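Here is the structure we will look at, set down as structure tokens.
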Amino acid sequence: MHSSDHSRSGGNSTPVNTSRSEPVESLRSLIRSDLNELAKLKGTSTRSPLWWGDVLTLPGAWSAMLWRLGTWLNGRGVKVLSRLCYFANIVLFGAELHPGAEVGAGITTPHPVGLDISSEVQFGERCRVMGKVSVGGSGHPDKPGHPKIGDDVWLFDSAQVFGPVTIGDRSIIGARVTVTADIPPDSFVTMDAKMRIRTLAEVGLETHGGSLPPSKIAQLSGH
Numbered sequence: 001m002h003s004s005d006h007s008r009s010g011g012n013s014t015p016v017n018t019s020r021s022e023p024v025e026s027l028r029s030l031i032r033s034d035l036n037e038l039a040k041l042k043g044t045s046t047r048s049p050l051w052w053g054d055v056l057t058l059p060g061a062w063s064a065m066l067w068r069l070g071t072w073l074n075g076r077g078v079k080v081l082s083r084l085c086y087f088a089n090i091v092l093f094g095a096e097l098h099p100g101a102e103v104g105a106g107i108t109t110p111h112p113v114g115l116d117i118s119s120e121v122q123f124g125e126r127c128r129v130m131g132k133v134s135v136g137g138s139g140h141p142d143k144p145g146h147p148k149i150g151d152d153v154w155l156f157d158s159a160q161v162f163g164p165v166t167i168g169d170r171s172i173i174g175a176r177v178t179v180t181a182d183i184p185p186d187s188f189v190t191m192d193a194k195m196r197i198r199t200l201a202e203v204g205l206e207t208h209g210g211s212l213p214p215s216k217i218a219q220l221s222g223h
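Sequential numbering from 1 applies to the sequence shown in UniProt numbering.
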């Protein structure tokens, strides 16, 4: 399912800042945003003096940081070290999080075991990716390409997203749903006898803003 490493070339004509501190600070800012979102998901805050006990003791925090470091290194052409981050995530957490993916700020992987994210997958900002989620290519030569996940999207346990599809902003993909076609923004997708797509307004979640009540999280996780 995994494809080759993905590299991007920018078309920005703005002069490049050659300072070494700026890229490092951008990495710190991204990691901080990831931890902030995980803290929010767990009902705590990084402003609390004890936040590290709530967040940094979670495997998902360290798995996401390894993934973030791997994608950051990969984007700067440091392929060997980025692959070491990828390998470490597999060994430590059982998570295949490819450094060739594009990952927006605020990614959270609270339950990293069994995650499988391919190269060239694109995530927007503040995405929540639950346990055993798979996102990658379709495996069919007539359907090349990888998924693009919008902002504030939830992918619940064992959800699968394959092929050149787009999941719109703020959409919620429930447990064990397999997505192989585009999903509009603000959609609520569950698996009953067959896949069912409703709007967030239909289920009273049109203003979820990236946060869901614990009862709804348990329901969508299939627990």
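Each residue gets a CB set at the ideal place from its N, CA and C atoms; glycine is no exception.
Remember, predicted model here, so these are calculated numbers, not experimental data.
Using a Cβ-Cβ distance cut-off of 9 Å, determine whether residue i contacts chain C.
{"i": "Asp34", "result": "Checking the listed chains, one finds no chain C in this structure; it contains a single protein chain."}
Which residue comes first and which comes last in the beta strand (DSSP E) that contains residue i?
{"i": "Met130", "result": "Segment: none, Met130 is in no beta strand (DSSP E) and carries neither H nor E."}
{"i": "Ile197", "result": "Met195 to Thr199"}
{"i": "Val161", "result": "Gln160 to Phe162"}
{"i": "Gly136", "result": "Ser134 to Gly136"}
Hey, how far is the Cα of residue i from the Cα of residue j?
{"i": "Gly43", "j": "Asp142", "result": "44 Å"}
{"i": "Gly168", "j": "Thr109", "result": "19 Å"}
{"i": "Phe156", "j": "Val135", "result": "12 Å"}
{"i": "His140", "j": "Ser48", "result": "48 Å"}
{"i": "Ile117", "j": "Leu50", "result": "32 Å"}
{"i": "Ser211", "j": "Leu73", "result": "30 Å"}
{"i": "Gly11", "j": "Gly137", "result": "Unreliable positioning characterises Gly11 in this predicted model, as indicated by a pLDDT of 40, which lies under 50. A coordinate reading is not provided."}
{"i": "Trp154", "j": "Ser33", "result": "17 Å"}
{"i": "Glu202", "j": "Thr166", "result": "21 Å"}
{"i": "Glu125", "j": "Glu102", "result": "10 Å"}
{"i": "Leu69", "j": "Ser119", "result": "15 Å"}
{"i": "Lys79", "j": "Asp151", "result": "27 Å"}
{"i": "Ile183", "j": "Ser171", "result": "8 Å"}
{"i": "Ser45", "j": "Val55", "result": "9 Å"}
{"i": "Leu81", "j": "Leu97", "result": "14 Å"}
{"i": "Val177", "j": "Pro23", "result": "37 Å"}
{"i": "residue 247", "j": "Ser187", "result": "Within the shown structure, residues of the chain are numbered from 1 to 223, placing residue 247 beyond reach of any answer."}
{"i": "Gly100", "j": "Lys132", "result": "19 Å"}
{"i": "Arg76", "j": "Gln122", "result": "17 Å"}
{"i": "Thr190", "j": "Gly53", "result": "34 Å"}
{"i": "Ile197", "j": "Gly114", "result": "26 Å"}
{"i": "Phe162", "j": "Pro144", "result": "10 Å"}
{"i": "Ala88", "j": "Leu66", "result": "8 Å"}
Quick check on residue i: does DSSP put it in helix, strand or coil?
{"i": "Asp34", "result": "helix"}
{"i": "Thr190", "result": "strand"}
{"i": "Lys143", "result": "coil"}
{"i": "Glu96", "result": "strand"}
{"i": "Val54", "result": "A small fix is needed here, since residue 54 is Asp in this sequence, not Val. The answer is helix: DSSP assigns Asp54 an H, G or I state."}
{"i": "Ser120", "result": "For the record, residue 120 in the displayed sequence is Glu; it is not Ser. Here Glu120 sits in coil by DSSP."}
{"i": "Leu155", "result": "strand"}
{"i": "residue 227", "result": "In the structure as shown, the chain begins at 1 and stops at 223. Residue 227 is therefore absent and cannot be evaluated."}
{"i": "Ile90", "result": "helix"}
{"i": "Val80", "result": "helix"}
{"i": "Val177", "result": "coil"}
{"i": "Val103", "result": "strand"}
{"i": "Leu205", "result": "coil"}
Would you give the residue range spanned by the alpha helix (DSSP H) that residue i belongs to?
{"i": "Ser63", "result": "Pro59 to Gly75"}
{"i": "Ser48", "result": "Looking at the DSSP string, Ser48 is not in any alpha helix (DSSP H), and its letter there is neither H nor E."}
For this session: Check whether the region 86-93 touches the region 61-76, taking contact to mean three or more Cβ pairs, one atom from each stretch, closer than 8 Å.
Result: yes
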